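A.B. asks: Questions regarding the structure given below will be posed in turn.
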Amino acid sequence: MSDEEQREWERRRKMRSVAIALALAALVALFYIATIARLGGNVLNRPL
Amino acid sequence: MAELGIPLSSSRPAPLVGASVADFIQLMKPRVMSLVVFTAFTGLMLAPGQLNPVLASIAILCIAVGAGASGALNMWYDADIDARMQRTAGRPIPRGAVSPEEALTFGVILSIGSVTTLGLVVNWLAGALLALTIAFYLFVYTIWLKRRTPHNIVIGGAAGAFPPMIGWAAASGGISLESFVLFLIIFMWTPPHFWALALYRARDYERVGVPMLPVVAGADATRKQIVIYSTLLVIVAFLPALLNLGGAAYALTTIVAGGVLLARALAVHRVRHGRAAERAARRLFAYSIVYLFVLFAVLLLEAAFGRYLSLSGVSPA
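Note that the protein sequences, when read in sequence, are chains A and B. Take the first sequence: its letters are residues 6 to 53, numbered as in my numbering. Take the second sequence: its letters are residues 3 to 319, numbered as in my numbering.
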């Protein structure tokens with residue numbers, strides 16, 4: 006593998022890693038938002 | 003693919019620089035995904051009951067990702083024949099950008115993720131229907147039927163017809179005659195759509211041994227079947243008007259658009275030789291996409307307008 010190919014390989018690996026990180030973060034946000042949407046006002050309805 | 007400099011061979015060069023994010027997006031067949039999203043959204047909007055807009059958005063996202071997963075799994079299994087067909091030689095696996103193992107892993111993870119999320123967040127009927135769609139597309143169409151029978155796309159077309167039913171199930175929690183009619187429209191639309199394509203790609207399919215109808219039964223028999231299925235499609239497409247799923251605008255649209263579809267199907271049947279025949283098939287293929295889009299768009303607009311009127315306190319009647 007030439008130097009140029011090596012650099013391109015590293016660049017693409019970094020982009021894939023960033024994409025996976027963003028997808029995981031989006032999944033966390035999605036489940037958080039979905040929980041709030043499903044529970045609605047009941048989120049606050051708990052014994053204190 | 004000559005214009006892309008990609009050799010039409012079954013050899014698969016090893017990925018040199020690894021896959022880019024765009025390659026994985028291409029694995030998900032974004033154009034197919036867009037039609038799936040659109041028809042699923044229409045089903046969701048037409049269904050009785052109110053789904054929270056956030057949950058509705060998540061449902062559509064899950065259906066889109068599930069469709070993308072099916073695309074990736076289909077490309078994984080069909081990589082050998084994709085490499086030898088002009089239309090598909092530029093896909094990520096034959097191009098050597100993504101390895102088959104990566105595509106399989108990607109498809110499986112997205113399948114499990116989309117079905118589980120849809121089930122947990124929306125409802126398990128919708129989740130089960132999405133799982134059925136993915137399994138049907140992979141096991142029934144891609145693995146079982148595609149390389150064995152000219153009926154491959156007739157039966158396999160069911161996979162592409164499920165999305166509005168999933169959208170309907172997501173919103174209403176059930177399956178009804180109306181959602182089955184939406185399924186039936188796409189189910190009847192699939193054969194003439196793909197047979198029109200197969201008419202001018204017959205040599206590609208023949209070379210890789212996929213028994214599409216023009217390859218097995220000949221072009222003339224295919225033309226006859228196109229006319230039969232197009233007629234059935236136009237009849238089925240009128241059912242939403244009878245079931246009050248669509249209103250007057252839909253009824254008028256389906257008559258006009260259906261008339262054009264039949265005219266194009268008859269042109270394919272009539273013009274059988276030379277470039278004119280290929281042009282007729284291409285025109286039917288392109289128009290069939292517009293036809294389906296227009297039918298669902300009018301249904302969607304009528305549903306949106308009806309909801310707007312009901313929210314404004316005005317009776318739609």
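Ideal Cβ positions, reconstructed from N, Cα and C, are used throughout, including at glycine. Computed from a predicted model, the values in this text were never measured in an experiment.
#1: Among Ile-230(B), Val-236(B), Val-296(B) and Leu-286(B), which has the Cα closest to the Cα of Ala-251(B)?
#2: Relative to the C-alpha of Phe-196(B), which candidate in Ala-99(B), Met-167(B), Gln-227(B) and Ser-178(B) has its C-alpha closest?
#3: Mapping the DSSP letters down to three states, classify Gly-45(B) as helix, strand or coil.
#4: Rounded to whole angstroms, what is the Cα-Cα separation between Thr-256(B) and Phe-40(B)?
#5: Please return the same chain residues whose Cβ sits closer than 7 angstroms to the Cβ of Phe-190(B), not counting the five positions on each side in sequence.
#6: Say the cut is 7 angstroms; is the CB of Ser-101(B) nearer than that to a heavy atom of the ligand FAD?
#7: Just how far apart, CA to CA, sit Leu-215(B) and Arg-274(B)?
#8: Could you check whether Ile-136(B) and Ser-113(B) sit closer than 8 angstroms to each other, using their CB atoms as the reference points?
#9: Tell me where the alpha helix (DSSP H) around Gln-227(B) begins and ends.
#10: What does Ala-26(A) reach in chain B if we use C-beta pairs closer than 8 angstroms?
#11: Taking Cβ positions, are Gly-45(B) and Ser-178(B) nearer each other than 8 angstroms?
#12: When the Cα atoms are used, what is the spatial distance from Gly-176(B) to Trp-170(B)?
#13: Quick check on Val-110(B) - is its C-beta less than 8 angstroms from some C-beta in chain A?
#14: Over what stretch of residues does the alpha helix (DSSP H) that includes Phe-287(B) continue unbroken?
#15: Assign Arg-205(B) to buried or exposed, taking buried as 16 or more other Cβ atoms, counted over all protein chains shown, within 10 Å of its Cβ.
#16: Is Arg-97(B) buried or exposed, if buried means 16 or more other CB atoms sit within 10 Å of its CB?
#17: Out of Tyr-289(B), Leu-303(B) and Thr-119(B), which one is the CA nearest neighbour of Leu-199(B)?
#18: If we require 4 or more residues per run, which alpha helix (DSSP H) segments fall completely within the stretch 42-116 of chain B?
#19: Apart from the five residues just before and just after Leu-241(B), which ones in its own chain have a Cβ nearer than 7 angstroms to its Cβ?
#20: Can you confirm whether Leu-35(A), when its beta carbon is compared against all beta carbons of chain B, has any partner nearer than 8 angstroms?
#21: Thinking C-beta only, is Lys-148(B) closer than 8 angstroms to Val-212(B)?
#22: Step through the CB atoms of chain B and report whether any lies within less than 8 angstroms of the CB of Ala-30(A).
#23: Can you tell me the Cα-Cα spacing of Leu-294(B) and Ala-278(B), whole angstroms?
C.D. replies: The answer reads as follows:
#1: The count along the second sequence starts at 1 and reaches residue 251(B) at position 249. Selection Ile-230(B), Val-236(B), Val-296(B) and Leu-286(B) evaluated against Ala-251(B) yields Val-296(B) as nearest (Cα-Cα).
#2: Here residue 196(B) refers to the residue found at position 194 when the second sequence is read from its first residue. Nearest of Ala-99(B), Met-167(B), Gln-227(B) and Ser-178(B) to Phe-196(B), Cα basis: Gln-227(B).
#3: If you number the second sequence from 1, residue 45(B) lands on position 43. Helix, per DSSP.
#4: Taking the second sequence and counting its residues from 1, the one referred to as residue 256(B) is at position 254. Taking the second sequence and counting its residues from 1, the one referred to as residue 40(B) is at position 38. Near 18 angstroms, if we compare the C-alpha coordinates of Phe-40(B) and Thr-256(B).
#5: Working through the second sequence from its first residue, we reach residue 190(B) at position 188. Inspection of the sequence shows that residue 190(B) is occupied by Met rather than by Phe. Cβ neighbours of Met-190(B) beyond the five flanking positions: Tyr-231, Leu-234, Leu-235 and Val-238.
#6: The ligand FAD is not among the ligands present in this structure, which contains no ligands whatsoever.
#7: By 1-based counting over the second sequence, the position of residue 215(B) is 213. By 1-based counting over the second sequence, the position of residue 274(B) is 272. Rounded to the nearest angstrom, the two C-alpha atoms are 16 angstroms apart.
#8: Taking the second sequence and counting its residues from 1, the one referred to as residue 113(B) is at position 111. Taking the second sequence and counting its residues from 1, the one referred to as residue 136(B) is at position 134. In this structure, the beta-carbon distance from Ser-113(B) to Ile-136(B) falls below 8 angstroms.
#9: To locate residue 227(B), count along the second sequence from 1; it is residue 225. Counting along the chain, the alpha helix (DSSP H) containing Gln-227(B) begins and ends at 221-244.
#10: Sequence index remark: in the first sequence, residue 26(A) carries index 21 (1-based). None at all; the shortest Cβ gap to chain B is about 12 angstroms.
#11: Looking up residue 45(B) in the second sequence gives position 43. Looking up residue 178(B) in the second sequence gives position 176. No, these two residues do not count as a Cβ contact at 8 angstroms.
#12: Taking the first residue of the second sequence as position 1, residue 176(B) is located at position 174. Taking the first residue of the second sequence as position 1, residue 170(B) is located at position 168. Rounded to whole angstroms, Gly-176(B) to Trp-170(B) spans 7 angstroms at the Cα level.
#13: For the purposes of this step, residue 110(B) is taken as residue 108 along the second sequence, with counting starting at 1. So, not an interface residue.
#14: Residue mapping note: residue 287(B) aligns to position 285 of the second sequence, counting from 1. Note, Phe-287(B): alpha helix (DSSP H), 276-313.
#15: As a position in the second sequence, residue 205(B) is number 203, starting the count at 1. By the neighbour-count rule (16 or more Cβ atoms within 10 Å), Arg-205(B) is not buried but exposed.
#16: Here residue 97(B) is taken as the residue at index 95 of the second sequence, counted from 1. Its Cβ being crowded by 16 or more others within 10 Å, Arg-97(B) is buried.
#17: As a first step, residue 199(B) must be located in the second sequence, where it is residue number 197. Closest by alpha carbon: Tyr-289(B).
#18: 55-79 and 81-84
#19: Here residue 241(B) corresponds to residue number 239 of the second sequence, with the count starting at 1. So the qualifying residues of the chain are Val-183.
#20: Indexing the first sequence from 1 puts residue 35(A) at position 30. Interface residue, yes.
#21: Walking along the second sequence from the start, residue 212(B) turns up at place 210. Walking along the second sequence from the start, residue 148(B) turns up at place 146. Cβ distance < 8 angstroms, so Val-212(B) and Lys-148(B) count as in contact.
#22: For the purposes of this step, residue 30(A) is taken as the residue at position 25 of the first sequence. Not an interface residue.
#23: In the second sequence, counting from the first residue as 1, residue 294(B) sits at position 292. In the second sequence, counting from the first residue as 1, residue 278(B) sits at position 276. Taking the straight line from one Cα to the other gives about 24 angstroms.
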